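Each protein sequence line maps, in turn, to chains A and B. Just so you know, UniProt numbering puts the end of the first sequence at 142, numbered straight through with nothing missing. Just so you know, UniProt numbering puts the end of the second sequence at 142, numbered straight through with nothing missing. Positions of the beta carbon are idealized from the N, C-alpha and C atoms, including for glycine. Quick caveat, the model's predicted, so the values are computed rather than measured. Report on the following structure.
Protein chains: 2
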Amino acid sequence: MDDSEICLSFLVRQAWLNMRSAVDDALAPHGLSVAQYATLLVLDEQPGASIADVARVVASTRQSANELLAGMERAGLVERRPHSRDRRTQELNLTALGRQRLKAAKPSVHAREGELEAALDARERAAARTWLAHMARAGHLP
Amino acid sequence: MDDSEICLSFLVRQAWLNMRSAVDDALAPHGLSVAQYATLLVLDEQPGASIADVARVVASTRQSANELLAGMERAGLVERRPHSRDRRTQELNLTALGRQRLKAAKPSVHAREGELEAALDARERAAARTWLAHMARAGHLP
DNA sequence: GATAGATTGACAGGTTCCTGACGAGTATTT
DNA sequence: AAATACTCGTCAGGAACCTGTCAATCTATC
Chain A
1 MDDSEICLSF
11 LVRQAWLNMR
21 SAVDDALAPH
31 GLSVAQYATL
41 LVLDEQPGAS
51 IADVARVVAS
61 TRQSANELLA
71 GMERAGLVER
81 RPHSRDRRTQ
91 ELNLTALGRQ
101 RLKAAKPSVH
111 AREGELEAAL
121 DARERAAART
131 WLAHMARAGH
141 LP
Chain B
1 MDDSEICLSF
11 LVRQAWLNMR
21 SAVDDALAPH
31 GLSVAQYATL
41 LVLDEQPGAS
51 IADVARVVAS
61 TRQSANELLA
71 GMERAGLVER
81 RPHSRDRRTQ
91 ELNLTALGRQ
101 RLKAAKPSVH
111 AREGELEAAL
121 DARERAAART
131 WLAHMARAGH
141 LP
């Protein structure tokens, strides 16, 4: 295939774009964007996290996370209240609605992703995962 | 394994973000952005392509490609002239400068990418490539 | 304790990319 | 030949994200 000439980065980009739109489609019926879904995932695993925490986990910036969370608060998905000990930060927590939406959306996302890689065998899937995990982390050590 | 809990898409996103910044660093000395480099690659392989062609290959839109190409024309990297047969479209071609920049930058990009996945063996790299190629194409059938 | 350094959330401004629409030109159908 | 349906490049406007900066606050060192 002619993809051998093309840069490896662009192959990763195409894969990401394609998966993103697939997940977006799966998320649309639940009224969530991909970024919002990611934020819900983070806050479900780390309740009480700060805006900066969320930004770090999703590899974004404090500002982007701030704007995103403002919208999510307006939608009643999350709740921000002052931190008990650190007066700079805010504690972020899922609301009941946020938890419910996440619980409802998660199977759809997993199903859509599984559907995409259904044609590949377990060995390739596992190898891809280790490859991706490495590429996501490589270059941060020096 | 905490990777099983996290969404697969986000792993791909992180890998793409990481590779993108690495390639960006490799490209900076040559005065090129990632998008410009991609466009140079496309026009080197398909001389005389139109704006819409470029947009299709890099999975972007005509408008984005148009803006990008306007800047590259200003920088003297590409040249746009009216198509000989179709009066709607423009023929895009690399200038001598564009070809020279591409030739100079390509080894840097390949070196940086190879450096990133240096710790992985050939089997994993090959499996990742087929996985990525599949994920970049899956879901276009319906 | 006091002071320097780092961190948090917010504001302004800019970049990049996208959606939607338009006129001009081409391809396809009747 | 005429009408319809595409496709082309481009303009207007907006969404998403980033950098740079700021005061307020916490942490660490002297």
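Q | Euclidean distance between Cα positions of Ile-51/B and Leu-97/B | A | Position 51 of the second sequence, counted from the first residue, corresponds to residue 51/B. Position 97 of the second sequence, counted from the first residue, corresponds to residue 97/B. Going from the Cα of Ile-51/B to the Cα of Leu-97/B covers about 20 Å.
Q) Could you check where the beta strand (DSSP E) with Glu-117/A kicks off and where it finishes? A) For the purposes of this step, residue 117/A is taken as the residue at position 117 of the first sequence. Element bounds for Glu-117/A: n/a, residue is neither H nor E.
Q: Could you tell me whether the Cβ of Gln-14/A comes closer than 8 Å to any Cβ of chain B?
A: For the purposes of this step, residue 14/A is taken as residue 14 along the first sequence, with counting starting at 1. Chain B places a beta carbon closer than 8 Å to that of Gln-14/A, counting this residue as a contact.
Q: Check whether the Cβ atoms of Leu-27/B and Cys-7/A lie closer than 8 Å to each other.
A: By one-based count along the second sequence, residue 27/B stands at place 27. By one-based count along the first sequence, residue 7/A stands at place 7. No, Cβ-Cβ distance for Leu-27/B and Cys-7/A is not below 8 Å.
Q: Could you tell me whether the stretch 123–137 of chain A touches the stretch 99–109 of chain A, where touching means 3 or more Cβ pairs closer than 8 Å?
A: The stretch 123–137 of chain A, when compared against the stretch 99–109 of chain A, does not touch it at the 8 Å Cβ threshold.
Q.
Less than 8 Å between CB atoms is the rule here; does Met-72/B satisfy it with respect to chain A?
A. As a first step, residue 72/B must be located in the second sequence, where it is residue number 72. At a cut-off of 8 Å, the C-beta of Met-72/B has no neighbouring C-beta in chain A.
Q: Report the neighbours of Ser-9/B on chain A: residues whose CB is nearer than 7 Å to its CB, in chain order.
A: On the second sequence, residue 9/B is found 9 positions in, with the first residue counted as 1. At a C-beta separation below 7 Å, Ser-9/B has these neighbours in chain A: Met-19, Arg-20, Val-23, Glu-113.
Q. Is residue 159/B helix, strand or coil by DSSP?
A. The question about residue 159/B has no answer here: the residues shown for chain B are numbered 1 through 142.
Q: Output the boundary residues of the alpha helix (DSSP H) element that contains residue 166/A.
A: Because residue 166/A is not part of the residues shown, which for chain A are 1 to 142, the question remains open.
(Q) Could you compute how far the alpha carbon of Tyr-37/B sits from the alpha carbon of His-30/B? (A) Stepping through the second sequence from its first residue, residue 37/B is reached at position 37. Stepping through the second sequence from its first residue, residue 30/B is reached at position 30. Straight-line Cα distance between these residues: approximately 10 Å.
Q: Name, please, each residue of chain B whose Cβ falls closer than 7 Å to the Cβ of Val-109/A.
A: For this step, residue 109/A is matched to residue 109 along the first sequence. Within chain B, the residues whose beta carbon sits less than 7 Å from that of Val-109/A are Cys-7, listed in sequence order.
Q) Can you tell me where the alpha helix (DSSP H) with Gly-17/A in it begins and where it stops? A) Position 17 of the first sequence, counted from the first residue, corresponds to residue 17/A. Position check: residue 17/A holds Leu in this sequence, whereas Gly was assumed. Note, Leu-17/A: alpha helix (DSSP H), 8–27.
Q. Are the Cβ atoms of Leu-94/B and Arg-80/B separated by less than 8 Å?
A. Reading the second sequence from its first residue, position 94 is the one you call residue 94/B. Reading the second sequence from its first residue, position 80 is the one you call residue 80/B. Contact: no.
Q: Could you list which residues in chain B have their beta carbon closer than 7 Å to that of Gly-139/A, in chain order?
A: On the first sequence, position 139 is the one that residue 139/A refers to. Correct list: Asn-18, Ala-22, Leu-116.
(Q) Suppose contacts are defined by Cβ-Cβ distances below 8 Å. Is Leu-11/B in contact with Ala-136/A by that definition? (A) As a first step, residue 11/B is located in the second sequence; it is residue number 11 there, counting from the start. As a first step, residue 136/A is located in the first sequence; it is residue number 136 there, counting from the start. One thing to note: Leu-11/B has its Cβ within 8 Å of the Cβ of Ala-136/A.
(Q) Closest to Asp-25/A by C-alpha separation, out of Gly-139/A, His-134/A, Gln-46/A, Arg-112/A, would be which residue? (A) Numbered from its first residue, the first sequence carries residue 25/A at position 25. With respect to the C-alpha of Asp-25/A, the residue from Gly-139/A, His-134/A, Gln-46/A, Arg-112/A having the closest C-alpha is Arg-112/A.
(Q) Could you compute how far the alpha carbon of Gln-90/A sits from the alpha carbon of Ser-33/A? (A) The sequence position of residue 90/A within the first sequence is 90, counting from 1. The sequence position of residue 33/A within the first sequence is 33, counting from 1. Distance between the alpha carbons of Gln-90/A and Ser-33/A is about 23 Å.
Q. Rounded to a whole number of angstroms, what is the C-alpha to C-alpha distance between Leu-77/B and Ala-65/A?
A. Position 77 of the second sequence holds residue 77/B. Position 65 of the first sequence holds residue 65/A. Per the coordinates, the alpha-carbon of Leu-77/B lies some 37 Å from the alpha-carbon of Ala-65/A.
**Q.** Closest residue to Arg-101/B among Ala-75/B, His-83/B, Gly-114/B, Arg-85/B (Cα-Cα distance)
**A.** For the purposes of this step, residue 101/B is taken as the residue at position 101 of the second sequence. Selected option, being the one with the closest Cα: Ala-75/B.
**Q.** Gln-90/A - containing beta strand (DSSP E), residue span
**A.** Here residue 90/A refers to the residue found at position 90 of the first sequence. Gln-90/A -> beta strand (DSSP E) spans 90–94.
Q: Closer than 7 Å by C-beta to Arg-62/A: which residues in its own chain qualify, once you throw out the five before and the five after it? Chain order, please.
A: Along the first sequence, one-based indexing puts residue 62/A at 62. Ile-51, Ala-52, Ala-55, listed in sequence order.
Q) Residues of chain B with a CB under 7 Å from the CB of Leu-43/A: which are they? A) Indexing the first sequence from 1 puts residue 43/A at position 43. Result: empty, since nearest Cβ-Cβ is about 14 Å, beyond 7 Å.
Q: Within its chain, find whatever has a CB closer than 7 Å to the CB of Met-72/A; leave out the 5 residues flanking it on each side and keep chain order.
A: Locating residue 72/A in the first sequence gives position 72, counting from the first residue. For Met-72/A, where only same-chain residues beyond five positions count, the Cβ hits under 7 Å are Gln-36, Thr-39, Val-78.
Q: Kindly indicate if chain A contains any beta-carbon less than 8 Å away from that of Ala-104/B.
A: The residue you call residue 104/B lines up with position 104 of the second sequence. Closer than 8 Å to the CB of Ala-104/B there is not a single CB belonging to chain A.
**Q.** DSSP beta-bridge partners of Ala-49/A
**A.** Here residue 49/A refers to the residue found at position 49 when the first sequence is read from its first residue. Looking at the DSSP assignment, Ala-49/A forms a beta bridge with Leu-92/A.
Q. Which class does Arg-80/B belong to by DSSP, given the choice of helix, strand or coil?
A. Working through the second sequence from its first residue, we reach residue 80/B at position 80. DSSP places Arg-80/B in strand when its eight states are reduced to three.
Q: Using alpha carbons as the reference points, say which of Leu-92/A, Val-58/A, Glu-67/A, His-83/A lies closest to Leu-17/B.
A: Taking the second sequence and counting its residues from 1, the one referred to as residue 17/B is at position 17. Minimum Cα distance to Leu-17/B is reached at Val-58/A.
Q: Count the other CB atoms, across all protein chains shown, that sit within 10 Å of the CB of Asp-3/B; report buried if there are 16 or more and exposed otherwise.
A: For this step, residue 3/B is matched to residue 3 along the second sequence. Caution is warranted here: a pLDDT of 43 is assigned to Asp-3/B, below 50, making its placement in the model unreliable, and the coordinate value is therefore given only provisionally. Here Asp-3/B is exposed, its C-beta having fewer than 16 other C-beta atoms within 10 Å.
Q | Leu-92/B versus His-134/B - alpha carbon distance | A | Numbered from its first residue, the second sequence carries residue 92/B at position 92. Numbered from its first residue, the second sequence carries residue 134/B at position 134. Their Cα atoms are separated by approximately 30 Å.
Q) Can you find a CB in chain A that lies within less than 8 Å of the CB of His-134/B? A) Position 134 of the second sequence, counting from 1, holds the residue named residue 134/B. Residue-level contact by beta carbon holds for His-134/B and chain A, with a gap shorter than 8 Å.
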